[in-house]
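Shown next, in structure tokens, is the structure this report addresses.
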Amino acid sequence: QLCHTLHALPDRVEHEVMVPLCKVAFMPGRIRHTNEILVLLGDNYFAERSARQAADIARRRAALVSEKIASAEHELSLLEKRQLQAE
């Protein structure tokens, strides 16, 4: 859904949104400069990227997280097998 939104943002110059004022209060607003996205690089460093570049970064990060989850699940299954063998 994030990648879809990032690809749709530059289609229009301005978007109507609900802007959060605090945890429970919102007010109508507009997003301008829709092709300028701040991307977290790490350690509280940000870089301005285009919506397409931000979508590519999000896709790569999602793939990395999926790999790490698969690796952790594989390691867990190996530990469970080892535990069963020890019993």
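In our numbering, the protein residues as written are 275 to 361.
Every residue, glycine too, gets a C-beta built ideally from N, C-alpha and C.
All of these numbers come straight from a predicted model, not from anything done at the bench.
Could you name the residues of the same chain whose beta carbon sits closer than 7 Å to that of residue i, not counting the 5 residues immediately before and after it, in chain order?
i: V293; result: F300, M301, G303
i: A328; result: L280, I311, V313
Under 8 Å, do residue i and residue j count as touching if we go by C-beta distance?
i: E288; j: I311; result: no
i: L283; j: T308; result: yes
i: V313; j: R323; result: yes
Quick one: what's got a C-beta closer than 8 Å to residue i's C-beta in the same chain, skipping five residues either side?
i: D330; result: none
i: F320; result: L312, V313, L314
So the candidates are the options; which of them puts its Cα closest to the Cα of residue i?
i: H281; options: A337, R333, L358, L350; result: R333
i: H278; options: R326, L353, L350, E341; result: R326
Taking only runs of the beta strand (DSSP E) that begin and end inside the segment 301-351, which ones reach a length of at least 3 residues, in chain order?
Runs of the beta strand (DSSP E) inside the segment 301-351: 311-316, 319-323.
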